[in-house]
Each structure stands twice: as C-alpha cells, then as structure tokens.
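First up is the structure itself, then whatever we jot down about it.
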Amino acid sequence: MRLHEIEPMDRFAVQTIRPLTMTDQQIIVSLYQPLIGIEATSLYLSLFTFHERDVQWTKTHYYLMNFYGVSLEKIFEWRITLEAIGLMMAYERKEAEGRSFLYVMQPPVAPATFFEDPLLSTFLLSRVGENGYRELRDQFVLKRPPLDTFTNVTRTFTDVFTPMSQKDSPPLEEDDMLECYEQVRPLTIPLKQFDFQLMRDSLSKQLFSERQFERLSKSLIARLSFLYDLSPIEMADVVLIAMNQYGEDFTDEQLRKAAVEFYKLNRSTTVPTLVPKYEGSDPSTTEKPSEQETIVQYFERVSPRELLIDLSGGKEPTLTTLKLADDLMNVHEFPAPIINVLFHYLHLQNNGKITRGFAETIATQWANKGVKTVKDAMLLSKQEKEQFEKSKEEKKKRKTPFYRQPTRVEKLPEWFSEEESKEEEEKRTEDEHVVDPEIEERKRRLKERFGIQENGGEADETD
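To convert, note that position 106 of the sequence shown is 106 in the working numbering; the numbers rise steadily by one, no gaps.
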C-alpha cells in the first residue's frame, strides 16, 4: 500500500450505475471471482448493499476494517483489484477535516464482451484451465441460431413510432430528467504506455499502408502487447502474421489469434498469467520508514482485535474486551487506531491487564485533551507514563521507614579514630585476661589426674 494513499479515518460513500441483477451476480461469482478472489468479490457485493442515493451517507474505512476483521492494507488491496478489473471507479476529494472517497460501483460486462476481451479471457483461462474455460463459455455465451434460411423482418423504431409536438406540456427541468450514466467502463490499458510510432516505423509502407494502420484497433494492440509482453516491433510482426494468414482486412479476432501464435512460437506454450503488482513488489525499492513511522503505521493498520491477539501471543481476545473497544469508539468517538494505542498503553502499565475502569479514565482524559490522531495518543501516553514513573518514585521515597532513611555522616578527625582504635585494642587485651571459673576448674582436675603441680612440676608419690 502506498504510504498515506488512504487512511482509516478517511470516509467513503457508494454510488451505483444501476442495480445488480441476478445475472450480474452469476457473472461476478463465476467469471470474475476466479480472477480477483473471494475477498475482493465479497467487498464488491458488500459495497453494493451500502449504496445510498444520497452521497452525504458516509462511513469511515474503520467500518470496513471492523466489518471484515482485517487490516486497512487488505481493504486497499481488494479495492484496487476491483478498480483494475473494471468493477469500481474511485474518486477522491480533499476537505478541511480530511479526505473522502466516492466509490462508483460498475456492473460486470456482458459475458460475450468478457470472452472477447483478450485480457479477461486469457486471465480466466490461466486460472480455471481449458476445460473449465470451455464450460463457462458454453454456459454464458449463447450460440447464434442458424439464420441462413430466414429473412430479417424486424421493424425499426421509425416504422412504428412518429414524433408529435406537445405544445401544452411544461418543459422538463434538469432535475426531473432521468439520470444518464456512461456506458460500463471497459478494461483499459493506457495507450501512452505503447509506442505506436515505433510499431508503424517497423512496418513496411509497401506491405502495410497508412490506411490499414489507422484502421487497426489501438486499444486491442495495447492490450495484446501488455498481456503477452510484446514490444512494438514484435507487435508489428504479429500484424504481418495476421495479414499473411487472413488477408489485408483481418478482424480483431484474427489479430488475437496471430498474437497467440506468435507468443507460442517465441515465448511459451503455456497461458500467460497476471500477478498483482503489490504481491511481487520489491521492498528494497521503497523508502524504509523510521521506527516511529513503523509503529504509527502498525496502530493505523490493524484492528483492535488484531492488536489484542498480538499482545496476548496469538490468543483470541475476550468478548468483554472487544465490547470495551466498541464502547470506547462509540462514547468518545475514537477511531480504531487510537483505541489500539490506548490498549497498548494499558497493557504496559497494568501488567498485561486491560480493565474497563482504567480504560474509561484514560479515554476520558484523552478526549478532554483533544486527542485526534495516533501520534497525539502516543505522545500523551508517553507523557503520562513518565509522570506515572515520577510520582511512583516520589511515593516510594515518602513510604521509606525511618530506620532505613539515610543519616548524615559527619567526617571525624584523625585523632578521634586513633583514640577509638586504642580503646578497642585495650578492651581486647582485657578480654583475653578474663578468668572463666569453669575452665580453671577443668584445668585443675586434669593436673591432679596426671600429677601435675601448679608450678609446672610433678607431685611426689605416696605410699
């Protein structure tokens, strides 16, 4: 997704060219869904149900994120897929309070047009295979009845109706006229991407006149060049192949067959496939966002449910927590990214617990301070965390017991230390000369037993 091309807070409205018929739905599911996938198909059908004639009806893209339970990046990929395949046209309008989009839903093309389009038909063939392709074509494209033995007797409009002046009828006001929409937008390739002049220079004017070149369908040539990855010089060869096989007045269908033949001979015998650019994009070609931008993009991209799953290590959040997120979004009109920042802040500050009381308190503070964006919420949460740590430290100091409080240590003179050391030494000496009566009594008994006199000599033997 291109950075800031769409934001979750951007609003959108939906308009349709005409109601979607049952046949349209069958075409979407059978022919378009193999090309764009189930998710993009679901978005297309859902947007049709959101349709309102009044363009003032709007929803934010958070609605789609919560509706599908996916990130904004996924919604954006589905949207541009619908645009590329010709099922949607997107219009952007910048306003003072932000951007808004108008999504004009396009009905699918007729089955015959679908199978005649080289891009759509080839793309479908690569997805469903040859057998599936033939089955779908036989199902949707009716075979023309044989008319060789019939004469066309259909009457024209002027054969049946004639104009008549209505002098007394009031003129139609512009607002009373029926809305007239453009024809369904075909799948187009910008012609400026193809060098027609180089192709013309590659064709011999003796073999291919200027009149013949002007008669060629430029849009078809651009499509075939894009689909089969053929250069202007190679497309000139394709034109010559068609002219040699079918003559100067070859049809568009014959030109398509010539392109297929050239592709099989010079490229591959397998059908070319179309891959979305966002799937094969090279991340090295895009500017790497800063760590702060990465965090902001994460909060803006994921839904509250996805954030809670990430915080819990993959576990599904409880219904109570999801209900809390919905209540905060409705009461304080906070978008999902701000709820993400709030939940992340609570998770860090409350040992991984997200409680309603704490959440509502913080949400009220943020609402009073006018938090509108993810950056505002992140800055305020950082300031509150610093204030919380500061007050926590001050509270800890106030609760320190008296006996643990540090006391002032006076610097003592050297003489005081020397005198104290001398007194301690004398005390140790006195302690060494203290007589323990019990020890002395034991000594006396040992001396009597071994005949040792008090002066160290032995006692005299007695008869």
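Glycine is no exception: its CB is placed at the ideal position from the N, C-alpha and C atoms.
Beta-carbon to beta-carbon, L47 and V14 are separated by about 5 Å, close enough to satisfy the 8 Å threshold.
Per the C-alpha coordinates, the member of A258, D229 and L348 positioned closest to F194 is D229.
The stretch 113-120 makes contact with the stretch 211-224; the number of CB pairs closer than 8 Å reaches 3 or more. By alpha-carbon distance to V104, the top candidate from L308, L20 and K395 is L20.
If you look at A13, you'll find it in the beta strand (DSSP E) that goes R11 to T16.
Taking the C-beta atoms as reference points, L31 is found nearer than 9 Å to F140. Using a Cβ distance threshold of 9 Å, M88 and R79 count as a contacting pair.
Residue nearest to I338 within the set F388, A325, Q349 and N350 is A325 (criterion: CA-CA distance). The Cβ-Cβ distance between S303 and M65 falls below 9 Å. Of all alpha-carbon atoms in Q25, A40 and E73, the one lying nearest the alpha-carbon of I6 is that of E73. For S126, the enclosing alpha helix (DSSP H) begins and ends at P118 to F140. Annotation: the continuous alpha helix (DSSP H) that includes V238 extends over P232 to Y246. Taking every protein chain shown into account, the CB of M378 has 16 or more other CB atoms within 10 angstroms, so this residue is buried. Burial is judged here by how many other beta carbons sit within 10 angstroms of a residue's own beta carbon; R211 has fewer than 16 and is exposed. In the displayed model, G357 falls within a helix according to three-state DSSP.
In this structure, DSSP gives G37 a helical state, which the three-state scheme calls helix.
Around the beta carbon of S381, 16 or more other beta carbons lie within 10 angstroms, which makes this residue buried.
In this chain, the beta strand (DSSP E) harbouring S100 covers G98 to M105.
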